[in-house]
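**Student:**
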Amino acid sequence: MVGAAPKLDVCALLDDRFSLRHDDNTHTTATHMAHIAVDPSIPGIRSLFTFRPETGVPLTRLAHVLLHGESPLTKGERELIAAFVSHGNKCTFCTMSHAAAARHHYGDDKDLVDEVVFKGDNSRLSPKMQALLVIAEKVRRGGRIVTDEDVAAARAEGAVDRDIHDTVLITAAFCMFNRYVDGLKALTPSDAETYVPMGALMAERGYARD
Amino acid sequence: MQQPNASIACGDASGPHINVTSPLPGITGLLEERLDTAEHIRDATHALLRGPSSMTEGERELVATLVSSRNECRFCTNAHAYTAARYDGGMSLVQDVVRDHTAAPVSERMHALLHIAALVQSDARSVDDAAITRARDAGATDLDIHDTVLTAAMFCFYNRYVDGLGSSYPSDESYFETLADRLTTTGYMRKGLDGTH
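Chains as they are written, first to last, in our numbering: chain A, 859 to 1068; chain B, 13 to 209.
#1: What residues in the segment 1036–1052 of chain A bring their beta carbon closer than 9 Å to a beta carbon of chain B?
#2: Look up Met67 of chain B in the DSSP assignment and say whether it is helix, strand or coil.
#3: By Cβ distance, which residues of its chain are closer than 6 Å to Asp159 of chain B, with the 5 residues on each side in sequence left out?
#4: Please list the partners that Phe169 of chain B has in chain A, where partner means a Cβ-to-Cβ separation under 8 Å.
#5: Would you call the segment 43–52 of chain B in contact with the segment 889–908 of chain A, where contact means no fewer than 3 C-beta pairs closer than 8 Å?
#6: Output, in chain order, the set of chain B residues within a Cβ distance shorter than 8 Å of Gly927 of chain A.
#7: Cutting at 6 Å between CB atoms, please list the residues of its own chain near Pro117 of chain B, excluding the five before and the five after it.
#8: Going by beta-carbon coordinates alone, are Ile1028 of chain A and Arg936 of chain A separated by less than 8 Å?
#9: Is there a C-beta anywhere in chain B that falls below 8 Å from the one on Arg1002 of chain A?
#10: Give the DSSP-derived three-state secondary structure of Val915 of chain A in the structure shown.
#11: Looking at the unbroken alpha helix (DSSP H) that takes in Leu931 of chain A, where does it start and where does it end?
#12: Can you tell me which of the three DSSP states Glu84 of chain B falls into?
#13: Please name the residue in B:Ile157, B:Cys168, B:Gly199 and B:Thr196 whose C-alpha comes closest to that of Asn947 of chain A.
#14: Just checking, does the segment 894–903 of chain A make contact with the segment 1042–1055 of chain A on the three C-beta pairs under 8 Å criterion?
#15: Who are the near neighbours of Ala97 of chain B in its chain, counting only those whose CB is closer than 7 Å to its CB and skipping five residues on each side?
#16: Could one say the Cβ of Phe907 of chain A lies closer than 8 Å to chain B's Cβ atoms, at least one of them?
#17: For a minimum of 4 consecutive residues, which ranges assigned as the alpha helix (DSSP H) are wholly contained in the segment 23–60 of chain B?
#18: For Ser929 of chain A, count the other beta carbons within 10 Å of its own beta carbon; 16 or more makes it buried, fewer makes it exposed. Which is it?
#19: Given that Leu195 of chain B touches chain A, what residues does it touch there, using C-beta distances under 9 Å?
#20: Say whether chain B places a C-beta atom closer than 8 Å to the C-beta of Pro901 of chain A.
#21: Since Ala136 of chain B contacts Gly1041 of chain A with CB under 8 Å, what's their CB separation in whole angstroms?
#22: Would you mind telling me which residues of chain B sit closer than 8 Å to Lys986 of chain A, beta carbon to beta carbon, in chain order?
#23: Any contact of the segment 1019–1034 of chain A with the segment 1054–1066 of chain A, i.e. 3+ C-beta pairs under 8 Å?
#24: Do you know how far the Cα of Gly38 of chain B is from the Cα of Thr950 of chain A?
#25: Contact criterion: CB-CB distance below 8 Å. Does Lys948 of chain A meet it with respect to chain B?
#26: Can you tell me whether Thr932 of chain A is buried or exposed? The criterion is at least 16 other CB atoms within 10 Å of its CB, across all chains shown.
#27: Quick one: give me the first and last residue of the alpha helix (DSSP H) that Arg146 of chain B is part of.
#28: Does chain B have any CB closer than 8 Å to the CB of Pro930 of chain A?
#29: Looking at chain A, is there any beta carbon in it that lies within less than 8 Å of the beta carbon of Ile30 of chain B?
In structure tokens form, the structure reads like this:
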């Protein structure tokens, strides 16, 4: 059973795009309006999937297969890549939710998630995962900058084609999801505790709940 | 936007980073490599680019082309340039948009939407109220704004998938005309590629 989320300084993750005014409610849900008329009771990306289900349904299925389907990478490793990439793209909603999902998968070792995602400390990751995160960071910035040497370094640590493929695909997909959320200014809860049950649901039941 | 640096090794200089079984170039080969994810990628793409929308197919293809060119993805830029050229304005309009989308001969609504697409490509957090207001004032609907943002985001996905794995570039550029034939008729679904549904 996952413990309470660490007391992260969520405000530090929110740049001045987000108003920090809180509504009268004790339960802070969001502090801004999305750019389009989404359902205000649904946080984050799910409100966008609901706005346009023709694209929302296949995108949730993609997320489910990516993060819960077959891969040589564990579910925890895949959620870690998702959170890492989202943090690099400064997408608060995706970073917080996927870090929470990753912590749920890592269980007793959940501090690893915060070390990697929020403190830039990869030292406790396997050498293979460290090499794959180098590739992920480059893909995040632009796929053209991935070099043969980056790939060779991952292979030297035991990465096979499918590890590399899935790392690139997850990274690319989160470069989409992050932009979707932030480009439409989807409602982003500012209360770190909100993400704990969200992460548990994502980790246990996945994404294609249609 | 980063300028291309000749000293940075590019995937297509030495071949794909992984073994891709299919002989098809670029995304078309990658979408044969892992069918469980490809199915949903195709479904989302077909719905977004060919399904009912308040944007025309040509407008959506212009967004795809602009974003791919800004991401410097040669395969995707050409695939969507040749496809966009099949719609109103032809290749001349496509080139105008890629060269300078702020000066291209498009409607004010499309100017505003292309501006949003460019912001999504570079830093989606920079899509501010002013950019949205500009689009609405020019007649853009919520669906226009949604589809522009998601198309731009989706091409940031495609461009990274294609280039991140160093996937192959067609040896003959007539490939893009054949691809445009397909994308403007059957669209983005897999049906018919190998005779199966």
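For every residue, glycine included, the Cβ atom is placed at its ideal position computed from N, Cα and C.
**Tutor:** This is what the structure gives:
#1: Asn1036, Arg1037, Tyr1038, Val1039, Asp1040, Gly1041, Leu1042 and Lys1043
#2: By 1-based counting over the second sequence, the position of residue 67 of chain B is 55. Assignment of Met67 of chain B by DSSP, reduced to helix, strand and coil, places it in the coil class.
#3: Indexing the second sequence from 1 puts residue 159 of chain B at position 147. Within the same chain, Asp159 of chain B has close Cβ partners Ser65 and Met67.
#4: For the purposes of this step, residue 169 of chain B is taken as residue 157 along the second sequence, with counting starting at 1. Residues of chain A passing the Cβ test: Ala1030, Ala1031, Cys1033 and Met1034.
#5: no
#6: Walking along the first sequence from the start, residue 927 of chain A turns up at place 69. Per Cβ cutoff of 8 Å: Asp48 and Thr49.
#7: Counted from its first residue, the second sequence places residue 117 of chain B at position 105. Counting only Cβ-Cβ distances below 6 Å, and skipping sequence neighbours, we find nothing.
#8: Within the first sequence, numbered from 1, the residue matching residue 1028 of chain A stands at position 170. Within the first sequence, numbered from 1, the residue matching residue 936 of chain A stands at position 78. Yes. Within cutoff.
#9: Here residue 1002 of chain A is taken as the residue at index 144 of the first sequence, counted from 1. By this cut-off, Arg1002 of chain A is an interface position.
#10: The residue labelled residue 915 of chain A in the question sits at position 57 within the first sequence. In the three-state scheme derived from DSSP, where H, G and I count as helix and E and B as strand, Val915 of chain A is classed as helix.
#11: Here the question's residue 931 of chain A lines up with position 73 in the first sequence. Run containing Leu931 of chain A: none; DSSP gives neither H nor E here.
#12: Here residue 84 of chain B refers to the residue found at position 72 of the second sequence. Coil at Glu84 of chain B, not helix or strand.
#13: One-based indexing of the first sequence puts residue 947 of chain A at position 89. Cα-wise, what sits closest to Asn947 of chain A is B:Cys168.
#14: yes
#15: Here residue 97 of chain B corresponds to residue number 85 of the second sequence, with the count starting at 1. Excluding sequence neighbours, Ala97 of chain B sits near Met103 and Val106.
#16: In the first sequence, the residue the question calls residue 907 of chain A occupies position 49. Taking Cβ atoms only, chain B never reaches closer than 8 Å to Phe907 of chain A, which makes this a no.
#17: For the segment 23–60 of chain B, whole alpha helix (DSSP H) runs of length 4 or above, ordered along the chain, are 23–26 and 38–45.
#18: Translated into positions along the first sequence, residue 929 of chain A becomes position 71. Burial call: buried.
#19: As a working mapping, residue 195 of chain B is identified with position 183 in the second sequence. By Cβ distance, chain A contributes nothing, its closest Cβ being about 17 Å from Leu195 of chain B, past 9 Å.
#20: On the first sequence, residue 901 of chain A is found 43 positions in, with the first residue counted as 1. No, its Cβ sits nowhere closer than 8 Å to a Cβ of chain B.
#21: Position 124 of the second sequence, counted from the first residue, corresponds to residue 136 of chain B. Position 183 of the first sequence, counted from the first residue, corresponds to residue 1041 of chain A. Confirmed, Cβ separation roughly 4 Å.
#22: Here residue 986 of chain A refers to the residue found at position 128 when the first sequence is read from its first residue. Correct list: empty, because the minimum Cβ distance to chain B is about 15 Å.
#23: no
#24: By 1-based counting over the first sequence, the position of residue 950 of chain A is 92. By 1-based counting over the second sequence, the position of residue 38 of chain B is 26. Near 32 Å, if we compare the C-alpha coordinates of Gly38 of chain B and Thr950 of chain A.
#25: On the first sequence, position 90 is the one that residue 948 of chain A refers to. Chain B, which has a Cβ nearer than 8 Å to the Cβ of Lys948 of chain A, makes this yes.
#26: Sequence index remark: in the first sequence, residue 932 of chain A carries index 74 (1-based). Classification for Thr932 of chain A: exposed.
#27: Within the second sequence, numbered from 1, the residue matching residue 146 of chain B stands at position 134. Segment Asp141 to Asp149, the alpha helix (DSSP H) holding Arg146 of chain B.
#28: By one-based count along the first sequence, residue 930 of chain A stands at place 72. No, because no Cβ of chain B sits closer than 8 Å to the Cβ of Pro930 of chain A.
#29: Against the second sequence, residue 30 of chain B aligns to sequence position 18. For Ile30 of chain B, the answer is yes, since a Cβ of chain A falls inside 8 Å of its Cβ.
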